[in-house]
Each structure stands twice: as structure tokens, then as C-alpha cells.
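Novice: If you read the sequence shown in the numbering used here, its first letter stands for residue 12, the second for the next number, and so on.
One structure, as C-alpha cells, below. Some questions next.
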Amino acid sequence: MTPAAPMLEADRLALRVGSRWLCCEFSQQLVAGQCLVLLGPNGAGKTTLLHTLAGLREPGAGRVLLGGRPYAGWRALDAARFRGVLAQQQPDHFSSTVLETVLVGRHPHLGRWGWEGPEDERVAREALDSVGLAELAGRDILTLSGGERQRVAVAALLAQAPQLLLLDEPTNHLDLHYQIAVLDLIRGLADRGRGVVMVLHDINLAARYADQVILLDGHGGVCAGARDEVLQAGLLSRAFGHPLRRYELDGRTTFLPD
Ligand SMILES: Nc1ncnc2c1ncn2[C@@H]1O[C@H](COP(=O)(O)OP(=O)(O)OP(=O)(O)O)[C@@H](O)[C@H]1O
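Below, the structure written as C-alpha cells:
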């Protein structure tokens, strides 16, 4: 990483799918220790933006810099050590154990012969433990519930141990307890110096965990900035197509639909 460069930078970025522009140009930087949340209605382009920021697709315009360099300037292995992605869906086609699935997260760190060693297994077991699934290490991945499978995916990302985590709806399938537990865990990583970008659907969870927000309005508009600049009732009501009011409850910013 270039000294003093932000972990991630969107520089005059715009997104396009086919002939449709999902959002007009915007710029935003993420430094270590911060959490950026991507918000917006269905189909607005949150996943497309996350994938673009992760270097998995080309921008429609502008550029994305990881640690001060475009993705083209990174070796794939170095990029995989630096940034990790949690996908929205976990495609499981074959049986394997939960532990083996988490060990996939270690692949960017494997040595010359490509075998996982005791240290990789220790890291994977610790990751499973941190999402409350240590006891399921030997279970077939195909037998898990949706919420358990999601926590395994989070554990695989933790085992990868990237500096920058990009997560597409990390609360997918999770009940209230695990939504908070997983987001507390992710926020804790940011507080200890990692960078986090995540797509969330819940405005109140965004208010609770974000330092910065990018709000896509679904009509090509984008509002990017510090949490309290973006999380305003008027902007959110317009983007989500439903009137919302902002309240301060016990020191927490809360939005409720009319
Ligand atoms: N390959 C494609 N061809 C055509 N349209 C596409 C393609 N990929 C994505 N889109 C469209 O781009 C838009 C943005 O999709 P995206 O998945 O980024 O939205 P999202 O904000 O993450 O939505 P959701 O909240 O429903 O998950 C959607 O209207 C989607 O149908």
C-alpha cells in the first residue's frame, strides 16, 4: 500500500449496466478503521457498486484505487490477501465439511505446495468460534440452516484476514441476535484498524455501524459522505419512496416509516 494512501478510493466513479447508468459520478475515500455502508432500494446498484469497489467488474467511468493503486497494478494474490469479499449468495454444489469451507478463506495465504497447515486450521477454527459455530466444524455444509451457512461464510472471510472487507448483505438470513453479533464483530475489526464496506438494507443498522454512507437512489442519483450528512429523513424518504422520520432514542439515531 502506498504510504498514507486511503485503503480504498472511488475517484469520479460511475456505474453502468448495459446502456443504463446506475449512478452518476461520485468520489469517496475509505481509510483504515472506518466502516462504509452502501444503502439504497432494490435494484439501485449496491451489489454492482460493491463488486466494482472489490475490483470484480470495471467501472462505467472513473476509477477505483485499492491502497492507492488501480486493481490492474495489483498481483491477484496480493489483492486477495489485502481485500476479501463476502458474496450475497453462497453457492454450494458439493458436500464438504464446515471446517473445509472456512479453510477456503486461507487459500491466498497457502505456501508453495498449496496445503493447509496447522496454523491455517487454528485460524479457521478461531474464525468459526468467533461466529459461534465451533461445534459444527465437522458437519456437512449442505445440512446447515440459512443463518448457519451465512455465519460460515463470514468465518471464511475472517479466516482470509484481509485488511479490507467488502460484504454484500452480511445480515442475510440472520436473526436479530446474530445480526447484531455479526455486525459487532465486523465493527470491532474496523475499530482495530481494518477497513469495512458493506451493503445493508436496514437504515437503522446503517445508522448504528457506519462512519460513512453511500446512498443510491435507484434513479442514477448518489449521495456519498459522512453518516449524518447522508442519513437524513428527506434524502432517505426520496430514495426509498416512502416517508421516514428521524428520532433520537436513548442516544441512537432511529428512522421510522410513516
Ligand atoms: N448483467 C446484467 N444485465 C442487465 N441488468 C443487470 C445486470 N446485472 C445487474 N443488472 C441490473 O442492475 C441493477 C442493479 O443491480 P444490483 O444487484 O447492483 O442492485 P442492488 O441495489 O444490489 O439490489 P438488491 O437490493 O435487490 O439486492 C438491477 O436493476 C439489475 O437488474
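We put the CB at the ideal spot given by N, CA and C, even for glycine.
Remember, predicted model here, so these are calculated numbers, not experimental data.
Tell me which residues pass a beta-carbon proximity test against ligand 1: closer than 6 Å to any heavy atom, given in chain order.
Specialist: Spelled out in chain order, the answer is Val-28, Gly-29, Leu-33, Gly-51, Asn-53, Gly-54, Ala-55, Gly-56, Lys-57, Thr-58, Thr-59.
Novice: Can you give me the start and stop residues for the alpha helix (DSSP H) that Gly-95 sits inside?
Specialist: Working through the sequence shown from its first residue, we reach residue 95 at position 84. Taken as a continuous stretch (DSSP letters only), Gly-95 belongs to no alpha helix (DSSP H), being part of the beta strand (DSSP E) at 94 to 97.
Novice: Which residue from Gly-44, Ala-83, Asp-213 puts its Cα closest to that of Asn-183?
Specialist: The sequence position of residue 183 within the sequence shown is 172, counting from 1. Considering only alpha carbons, the answer is Asp-213.
Novice: Would you mind reading off the limits of the beta strand (DSSP E) that contains Phe-37?
Specialist: Here residue 37 corresponds to residue number 26 of the sequence shown, with the count starting at 1. Start and end: 31 to 41.
Novice: Just verifying my parser: in three-state terms, what is the DSSP assignment at Gly-204?
Specialist: Sequence index remark: in the sequence shown, residue 204 carries index 193 (1-based). Here Gly-204 sits in coil by DSSP.
Novice: Could you tell me whether the Cβ atoms of Leu-61 and Leu-211 are closer together than 8 Å?
Specialist: As a first step, residue 61 must be located in the sequence shown, where it is residue number 50. As a first step, residue 211 must be located in the sequence shown, where it is residue number 200. Cβ distance not < 8 Å, so Leu-61 and Leu-211 don't count as in contact.
Novice: Less than 8 Å between the C-beta atoms of Leu-41 and Leu-227, yes or no?
Specialist: In the sequence shown, counting from the first residue as 1, residue 41 sits at position 30. In the sequence shown, counting from the first residue as 1, residue 227 sits at position 216. Result no, Cβ atoms of Leu-41 and Leu-227 do not sit closer than 8 Å.
Novice: Please classify Ala-90: does DSSP put it in a helix, a strand, or coil?
Specialist: Residue numbering aside, residue 90 sits at position 79 when the sequence shown is read from its first letter. Reduced to three states, the DSSP call for Ala-90 is helix.
Novice: If we ignore side chains and look at the alpha-carbon of each, how far apart do Glu-159 and Leu-176 end up?
Specialist: Reading the sequence shown from its first residue, position 148 is the one you call residue 159. Reading the sequence shown from its first residue, position 165 is the one you call residue 176. Cα-Cα distance, rounded: 20 Å.
Novice: Just checking, does the stretch 229 to 243 make contact with the stretch 192 to 210 on the three C-beta pairs under 8 Å criterion?
Specialist: No, the stretch 229 to 243 does not touch the stretch 192 to 210.
Novice: List the whole-angstrom C-beta distance separating Val-134 from Ala-170, where the pair is believed to meet the contact cut-off of C-beta under 8 Å.
Specialist: Start at 1 with the first residue of the sequence shown, and residue 134 comes out as number 123. Start at 1 with the first residue of the sequence shown, and residue 170 comes out as number 159. Correct: roughly 5 Å between the Cβ atoms.
Novice: DSSP on Thr-108, reduced to helix/strand/coil?
Specialist: Indexing the sequence shown from 1 puts residue 108 at position 97. Residue state, collapsed to three classes: strand.
Novice: Say whether the stretch 237 to 245 touches the stretch 256 to 265, bearing in mind that this needs 3 or more beta-carbon pairs closer than 8 Å, one atom from each stretch.
Specialist: Short answer: they touch.
Novice: What does Val-132 pair with, by DSSP beta-bridge criteria?
Specialist: As a position in the sequence shown, residue 132 is number 121, starting the count at 1. For the record, residue 132 in the displayed sequence is Glu; it is not Val. Glu-132 is not bridged to any residue.
Novice: Have a look at Arg-86 and Tyr-258 and give me their C-alpha separation to the nearest angstrom.
Specialist: As a working mapping, residue 86 is identified with position 75 in the sequence shown. As a working mapping, residue 258 is identified with position 247 in the sequence shown. Cα to Cα, the separation comes out at about 47 Å.
Novice: Please report the residue range of the alpha helix (DSSP H) in which Arg-2 lies.
Specialist: For residue 2 there is no data in the structure shown, the boundaries of the chain being 12 and 269.
Novice: May I have the straight-line CA-CA distance separating Gly-206 from Gly-157, to the nearest angstrom?
Specialist: Numbered from its first residue, the sequence shown carries residue 206 at position 195. Numbered from its first residue, the sequence shown carries residue 157 at position 146. For Gly-206 and Gly-157, the distance between alpha carbons rounds to 26 Å.
Novice: Can you check which of these residues, Val-96, Gly-122, Gln-101, is closest to Leu-64 by C-alpha distance?
Specialist: Translated into the one-based positions of the sequence shown, residue 64 becomes position 53. Measuring from the Cα of Leu-64, the nearest candidate turns out to be Val-96.
Novice: Is the Cβ-Cβ distance between Pro-52 and Gly-245 less than 8 Å?
Specialist: By 1-based counting over the sequence shown, the position of residue 52 is 41. By 1-based counting over the sequence shown, the position of residue 245 is 234. No; because the gap between Cβ atoms is not below 8 Å, this pair is not in contact.
Novice: Buried or exposed, going by whether 16 or more other CB atoms sit within 10 Å of the CB of Pro-102?
Specialist: Translated into positions along the sequence shown, residue 102 becomes position 91. The residue in question, Pro-102, is exposed, as its Cβ has fewer than 16 Cβ neighbours within 10 Å.
Novice: Between which two residues does the beta strand (DSSP E) holding Asp-179 run?
Specialist: The sequence position of residue 179 within the sequence shown is 168, counting from 1. Unbroken beta strand (DSSP E) run through Asp-179: 175 to 179.
Novice: Which class does Pro-102 belong to by DSSP, given the choice of helix, strand or coil?
Specialist: The residue you call residue 102 lines up with position 91 of the sequence shown. It is coil, neither helix nor strand.
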